[in-house]
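Quick notes on the structure that follows.
Residue numbers (the working numbering), protein chains in the order written: chain A, 1 to 115; chain B, 116 to 231.
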């Protein structure tokens, strides 16, 4: 069965510091992978996605993520965090083989940014 | 362009009462999703529509939950009767429906339900 694990429930970084949010997935075939961000009272917004090809993908707001098949990981990174990045981040895996449009989300990582 | 619209944004009801949530997807989006997000968790799919057809309702608790999308546009999710464990945020999302798993899903702000 598909599953997504985000090992860090809560992360605090200083503004201007680099950020890495971890995501591990379990999926039998080639996964479609997504990162979403959710600000308080807002819906989820797509940051970036990976389907195939180059394993380093660029997203909005200066985020990037790297797909590592050998580690079943899709970690999200940002070189310099801004206070406005404080939010909850969700990794999700999509049904790449069945093409059903179904997404399985991880439990999320809450990012706090210190001034 | 307008995003996904949901109403109400907040709802407080007593257990055993009925409740309904409404969603209007982005214009032209054929696929509509209802998710439930429990506190501290990621969203979980309840039901997915392609136009007016429910193509995946395997996670919908059918004894008390129902949904409809009669004209393939807006949708209503209903709970009757509500239980304490139904307290959660109910999210609606939509996508074009052309690429299925490659489609970007656009999420509404959600309805926060509190059952007392």
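The beta carbon of each residue, even a glycine, is placed where N, CA and C say it ideally should be.
I'd like the list of long-range same chain contacts for residue i, defined as Cβ closer than 6 Å, with 5 residues on each side in sequence excluded.
| i | result |
| --- | --- |
| residue 50 (chain A) | 33, 57 and 67 |
| residue 171 (chain B) | 163 |
| residue 139 (chain B) | 120 and 189 |
| residue 53 (chain A) | none |
Tell me which residues share the same chain as residue i and place their Cβ nearer than 7 Å to its Cβ, disregarding the 5 neighbours each side in the sequence.
| i | result |
| --- | --- |
| residue 186 (chain B) | 167 |
| residue 219 (chain B) | 210 |
| residue 105 (chain A) | 4, 90 and 92 |
| residue 27 (chain A) | 2 and 93 |
| residue 123 (chain B) | 226 |
| residue 86 (chain A) | 111, 112 and 113 |
Could you tell me the alpha carbon to alpha carbon distance between residue i and residue j, rounded to whole angstroms?
| i | j | result |
| --- | --- | --- |
| residue 136 (chain B) | residue 70 (chain A) | 42 Å |
| residue 180 (chain B) | residue 196 (chain B) | 8 Å |
| residue 145 (chain B) | residue 164 (chain B) | 8 Å |
| residue 44 (chain A) | residue 24 (chain A) | 20 Å |
| residue 194 (chain B) | residue 154 (chain B) | 19 Å |
| residue 213 (chain B) | residue 22 (chain A) | 30 Å |
| residue 10 (chain A) | residue 112 (chain A) | 8 Å |
| residue 151 (chain B) | residue 178 (chain B) | 16 Å |
| residue 109 (chain A) | residue 88 (chain A) | 6 Å |
Looking at the secondary structure, which residues open and close the beta strand (DSSP E) in which residue i lies?
| i | result |
| --- | --- |
| residue 88 (chain A) | 87-94 |
| residue 110 (chain A) | 109-114 |
| residue 83 (chain A) | No beta strand (DSSP E) holds residue 83 (chain A); DSSP gives it neither H nor E. |
| residue 195 (chain B) | Residue 195 (chain B) -> no beta strand (DSSP E), and no H or E assigned at all. |
| residue 207 (chain B) | 203-210 |
| residue 226 (chain B) | 226-230 |
Chain E partners of residue i, CB-CB under 8 Å?
| i | result |
| --- | --- |
| residue 219 (chain B) | Annotation note: the requested chain E is absent from the structure, which comprises protein chains A and B. |
For residue i and residue j, which I take to be in contact (beta-carbon distance under 8 Å), what is that distance rounded to the nearest angstrom?
| i | j | result |
| --- | --- | --- |
| residue 59 (chain A) | residue 48 (chain A) | 3 Å |
| residue 130 (chain B) | residue 228 (chain B) | Actually they are not in contact, since the Cβ atoms of residue 130 (chain B) and residue 228 (chain B) sit about 11 Å apart, beyond 8 Å. |
May I ask you to verify whether the stretch 72-87 of chain A touches the stretch 17-32 of chain A, counting CB pairs closer than 8 Å and requiring at least 3? Yes: the two stretches touch, three or more of their Cβ pairs being nearer than 8 Å.
Report yes or no: do the stretch 119-137 of chain B and the stretch 222-229 of chain B share at least 3 C-beta pairs separated by less than 8 Å? yes
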